[in-house]
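A.B. asks: Numbering (our numbering), first residue to last: 19 to 502.
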Amino acid sequence: MSALSEEKLDSTAARQPAYPDYRIISLIVGCAIFLEQMDGTVLATALPTMARDFSVTAPAMSVAVTSYLLALAILIPVSGAIADRFGTKRVFNSSMVVFIIGSILCSLTHSLSAMVAARLLQGAGGAMMAPVGRLVILRTVERRHLVSSMMWTLIPAVLGTMAGPPLGGFIVQYLDWRWIFYINLPIGVLGFWLVRRYIPIIHNTGQPAPFDWLGFMLCSVGLGCLLFGMESFGENTDPRNAFLLVTVGAAACVAYVRHARQHTHPAVDLTLLRIDSFRLSVISGSLMRITTGAQPFLLPLLLQIGLGFSALRSGQLILAISVGALLARVLMTRLLRGIGFRRVMVYNGVMAALSYAVCAFFRADWPFWLMFGLLVCCGITMSVQFTAYNTIAYEAVPTERMSAANSFYSTLQQLMLSIGVCSGALILKIAMAVSHNVEPSRLNFSAAFLIVALVSLSSTYWHRAFAHDAGHELSGHRHRTGDH
């Protein structure tokens, strides 16, 4: 027997009995995402208060969100390579430590610039937590359990988004916004222990590929300049500087594409786009994520500044999105088995875009229950949509390319979320300029919500491009001839 065959047998033998039940692994990975989601949603509720403390405008606080997402976009492309080189479990645990250190530094800041620096460090930890956690699932869970595993991962993540808004409102109203970052410490310590106790050591089946330093630098410069350029367009800065940043970023991205075509193991493997289900999931999911990136920034500002609600009431309303996402856990498997991935993405995608467009018409005199119910619909539709994307993207990806596919997919995911925040801030600024407002009005927010919802609606074209039987092995749906 060859050494290679023995290695495969050893790997397979080690893999089967060593890994705990996929639900346990999924819940632990979900707990790491819980930490990220809660941090982000709590922060969103506190942005207006932080803006007053830092003596800046509310739209300018978008840089506190974008800086975190920038760190994710820069470092996620190499998350797979780092996990391959240093070990998936070790990197996953170390990322929690970095995230907690960043949180502590955030709590000590007294200016927006210091907050941005601390959020960059926090983002460096977050850049490894979610994608490497997803890599743990992809490498340990059988494909027939993948949909269920993604839904189990969703539960603690949704609980994080549920806890964030009301907790953020309570902290802002009764405590100090710095407690937003203090509460990450005990949760992070618990997550660190759970990973050490239950996540197995995952054995790689081969030698890690040589690290693509040039590709990493081009990606970092390209994505960083693009995001900060777009952020600058949304601030009161010289537009020539913003244009220069965007131009440099675009040039670096073009240079990376040329580099990737000639490199054997590029930092981001663009040849994965030849896989139909992966390519379509990336494109359609990117359009939808622009809306979900803008929403956590725009919605708290609309409720508190546009409608005059308190931080606590705003947090209670935003909680509805998480309630909807949790309800989607009950519907998801049945939907996919009943009508298949393609139909779910086509019809649910339209409903998701329209449900966010309705936010543009919120008024202060609307009943609380009506706004809460509409936001529950937002949570259900978006949760269903992204669970479908996150599962079907890997349907046809070979096992040996899972690490590269996960890094690529996670990079685009965070990039589009960042663009969503920047787009929301930019549209809001333009609307304020047109209406000659110093502070954003309700109508300014309405314009921003409608435009980002239209971007999501455009993804319908790409949803229809999926094969009619796409994902049938994952969902258990039996495709019938003539089924549309």
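For each residue, glycine too, the CB sits at the ideal point set by N, CA and C.
For H490, which three-state DSSP category applies?
C.D. replies: Within the sequence shown, the letter at position 472 stands for residue 490. Looking at H490 - three-state DSSP - the assignment turns out to be helix.
A.B. asks: Look at the alpha carbon of Y86 and the alpha carbon of L354, and state the distance between them as a whole number of angstroms.
C.D. replies: Indexing the sequence shown from 1 puts residue 86 at position 68. Indexing the sequence shown from 1 puts residue 354 at position 336. Computed Cα separation, rounded: 34 Å.
A.B. asks: Secondary structure at W384, three-state DSSP: helix, strand or coil?
C.D. replies: Sequence index remark: in the sequence shown, residue 384 carries index 366 (1-based). Residue state, collapsed to three classes: coil.
A.B. asks: Could you pull out every residue in the same chain whose Cβ sits closer than 7 Å to the Cβ of P314, ignoring the five residues on either side in sequence?
C.D. replies: The residue you call residue 314 lines up with position 296 of the sequence shown. Answer for P314: G58, T59, A62, listed in chain order.
A.B. asks: Run through the region 162-218 for me and flag every whole beta strand (DSSP E) of 3 or more residues, listed as ranges in chain order.
C.D. replies: None, since the region 162-218 contains no complete beta strand (DSSP E) of that length.
A.B. asks: Could you check if R70 is buried or exposed, using at least 16 other CB atoms within 10 Å of its CB as the buried criterion?
C.D. replies: Position 52 of the sequence shown, counted from the start, is the residue given in the question as residue 70. Its Cβ having fewer than 16 others within 10 Å, R70 is exposed.
A.B. asks: So what's G141 in DSSP terms, helix, strand or just coil?
C.D. replies: Your numbering for residue 141 matches position 123 in the sequence shown. Note: G141 maps to helix in three-state DSSP.
A.B. asks: Here's the rule: buried if 16 or more other CB atoms are within 10 angstroms of the residue's CB, otherwise exposed. What is I189?
C.D. replies: Against the sequence shown, residue 189 aligns to sequence position 171. Buried: at least 16 other Cβ atoms inside 10 Å.
A.B. asks: Comparing alpha-carbon positions, which option in R279, N462, M400, R360 lies nearest I410?
C.D. replies: Translated into the one-based positions of the sequence shown, residue 410 becomes position 392. Selected option, being the one with the closest Cα: R360.
A.B. asks: What do you reckon, are the CB atoms on S421 and L153 nearer than 9 Å?
C.D. replies: By 1-based counting over the sequence shown, the position of residue 421 is 403. By 1-based counting over the sequence shown, the position of residue 153 is 135. In this structure, L153 lies closer than 9 Å to S421 by Cβ.
A.B. asks: Please name the residue, chosen from S125, M146, A375, M147, that lies closest to R137 on a Cα-to-Cα basis.
C.D. replies: Here residue 137 is taken as the residue at index 119 of the sequence shown, counted from 1. For R137, the nearest C-alpha among the options comes from S125.
A.B. asks: For S295, which of helix, strand or coil comes out of DSSP?
C.D. replies: Here residue 295 corresponds to residue number 277 of the sequence shown, with the count starting at 1. Correct three-state label for S295: helix.
A.B. asks: Can you tell me which of the three DSSP states F52 falls into?
C.D. replies: Locating residue 52 in the sequence shown gives position 34, counting from the first residue. It is helical.
A.B. asks: In this structure, how does DSSP classify T347 when only helix, strand and coil are distinguished?
C.D. replies: Along the sequence shown, read from residue 1 onward, the residue named residue 347 stands at position 329. This sequence places Arg at residue 347; Thr is not what is there. In this structure, R347 counts as helix in the three-state DSSP scheme.
A.B. asks: Roughly how many whole angstroms lie between the Cα atoms of N366 and H128?
C.D. replies: Here residue 366 corresponds to residue number 348 of the sequence shown, with the count starting at 1. Here residue 128 corresponds to residue number 110 of the sequence shown, with the count starting at 1. Cα to Cα, the separation comes out at about 43 Å.
A.B. asks: Considering only the beta carbon of each residue, do L345 and R331 sit closer than 9 Å?
C.D. replies: Looking up residue 345 in the sequence shown gives position 327. Looking up residue 331 in the sequence shown gives position 313. Contact: no.
A.B. asks: Could you give the residue range of the alpha helix (DSSP H) that holds A82?
C.D. replies: For the purposes of this step, residue 82 is identified with residue 64 of the sequence shown, where counting begins at 1. Run containing A82: 80-93, per the alpha helix (DSSP H) assignment.
A.B. asks: Examine the Cβ distances between the region 441-454 and the region 385-394 and report whether three or more of them are shorter than 8 Å.
C.D. replies: Touching, no.
A.B. asks: Compare the C-alpha of G240 against each of V115, V275, R258, G206 and name the closest.
C.D. replies: In the sequence shown, counting from the first residue as 1, residue 240 sits at position 222. With distances taken between Cα atoms, G240 lies closest to V275.
A.B. asks: Nearest-angstrom Cα distance between W480 and Q191?
C.D. replies: The residue given as residue 480 occupies position 462 in the sequence shown. The residue given as residue 191 occupies position 173 in the sequence shown. Approximately 44 Å between the Cα atoms of the pair.
A.B. asks: Restricting to Cα atoms, I'd like to know which of V368, L430, S373, M133 is closest to G199.
C.D. replies: Residue numbering aside, residue 199 sits at position 181 when the sequence shown is read from its first letter. It should be noted that the sequence gives Phe, not Gly, for residue 199. Residue M133 is the option with its Cα nearest to F199.
A.B. asks: Taking the alpha helix (DSSP H) that H277 belongs to, which residues open and close that run?
C.D. replies: For this step, residue 277 is matched to residue 259 along the sequence shown. 257-280 is the extent of the alpha helix (DSSP H) around H277.
A.B. asks: Is the region 276-293 in contact with the region 422-431, if contact means three or more CB pairs nearer than 8 Å?
C.D. replies: Output reads yes: the region 422-431 touches the region 276-293.
A.B. asks: Helix or strand or just coil, what does DSSP make of A485?
C.D. replies: Mapped onto the sequence shown, residue 485 falls at position 467. Correct three-state label for A485: coil.
A.B. asks: If we ignore side chains and look at the alpha-carbon of each, how far apart do A101 and N455 end up?
C.D. replies: Translated into positions along the sequence shown, residue 101 becomes position 83. Translated into positions along the sequence shown, residue 455 becomes position 437. Near 48 Å, if we compare the C-alpha coordinates of N455 and A101.
A.B. asks: Are the beta-carbon atoms belonging to G141 and M114 less than 9 Å from one another?
C.D. replies: Stepping through the sequence shown from its first residue, residue 141 is reached at position 123. Stepping through the sequence shown from its first residue, residue 114 is reached at position 96. Cβ distance not < 9 Å, so G141 and M114 don't count as in contact.
A.B. asks: Return the first residue and the last residue of the alpha helix (DSSP H) that I118 is part of.
C.D. replies: For the purposes of this step, residue 118 is taken as the residue at position 100 of the sequence shown. From DSSP, the alpha helix (DSSP H) with I118 extends over 106-125.
A.B. asks: With distances taken Cα to Cα, identify the nearest neighbour of G342 among V402, M235, L319, F380.
C.D. replies: As a first step, residue 342 must be located in the sequence shown, where it is residue number 324. G342 has its Cα closest to that of V402, out of V402, M235, L319, F380.
A.B. asks: In the structure shown, what three-state DSSP assignment does D287 receive?
C.D. replies: Taking the sequence shown and counting its residues from 1, one reaches residue 287 at position 269. The answer is coil: DSSP assigns D287 none of H, G, I, E or B.
A.B. asks: Pick out whichever of A382, F210, T310 has its Cα sitting closest to the Cα of V470.
C.D. replies: On the sequence shown, position 452 is the one that residue 470 refers to. Ranking A382, F210, T310 by Cα distance to V470 puts T310 first.
A.B. asks: With H, G and I counted as helix, E and B as strand and the rest as coil, what does DSSP make of T417?
C.D. replies: Taking the first residue of the sequence shown as position 1, residue 417 is located at position 399. DSSP places T417 in helix when its eight states are reduced to three.
A.B. asks: Taking 8 Å as the limit between beta carbons, can you name the residues of its chain near L430, skipping five residues before and five after?
C.D. replies: On the sequence shown, position 412 is the one that residue 430 refers to. Excluding sequence neighbours, L430 sits near V300, G303, S304.
A.B. asks: Using only CA atoms, which one of N408, S340, G358 lies nearest to G397?
C.D. replies: Looking up residue 397 in the sequence shown gives position 379. If we check each option's Cα against that of G397, S340 comes out closest.
A.B. asks: Grouping DSSP H, G and I as helix and E and B as strand, with all else coil, what is N455?
C.D. replies: Numbered from 1 along the sequence shown, position 437 holds the residue referred to as residue 455. N455: coil per DSSP, three-state reduction.
A.B. asks: Report all residues from its chain with a CB closer than 6 Å to the CB of P95; omit the five preceding and five following residues, and keep chain order.
C.D. replies: Taking the sequence shown and counting its residues from 1, the one referred to as residue 95 is at position 77. Taken in chain order, the residues that qualify are C237, A285, V286, S425, T429.
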